[in-house]
C-alpha cells in the first residue's frame with residue numbers, strides 16, 4: 001500500500017514539475033489578446049458588426065444590409081419626431097420625443 005502511495009506521489013510530483021515549466025502570461029495581456037481575437041475574428045453564428053466580415057460571408061451580407069437600412073429609417077423617424085427647444089434660459093434645454101420630455 002505504501003508503495004502505491006509512493007508511485008502516486010511521484011507521478012503527482014512529475015505533473016507539478018511539468019506545470020511549473022509552462023510559460024506564464026499576465027492576466028491583463030491575456031485579456032487584451034482575447035479582446036483583439038474577438039474583435040478581429042468573425043463569428044458565423046452571430047450577426048456581423050464590421051462591413052469587412054459581411055463581405056466574407058454571403059449569407060450574412062443580405063441580413064447586414066437589411067439591418068443597416070432599418071437603422072437608417074429608424075434614425076430618420078426619430079429625427080423627424082424629436083425637437084429641441086429652449087424655455088428661455090441657456091441651461092434649460094429639453095428634447096421631446098413623441099410628446100414626452102426626456103431629461
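In full-length UniProt numbering, the protein residues as written are 1 to 103. A virtual CB, placed ideally from N, CA and C, is assigned to each residue, including glycine. Source: prediction; values computed, not measured.
How is the alpha helix (DSSP H) around residue i delimited, first residue to last?
i	result
residue 12	2-21
residue 38	27-40
Please work out which residues of its chain come closer than 8 Å, Cβ to Cβ, to residue i, disregarding the five sequence neighbours upstream and downstream, and give them in chain order.
i	result
residue 29	none
residue 37	none
Near residue i, which residues of its chain fall below 7 Å by C-beta distance, leaving aside the five closest residues on each side in sequence?
i	result
residue 6	none
Can you list, in chain order, the residues of its chain whose CB lies under 6 Å from that of residue i, leaving out five sequence neighbours each side?
i	result
residue 18	none
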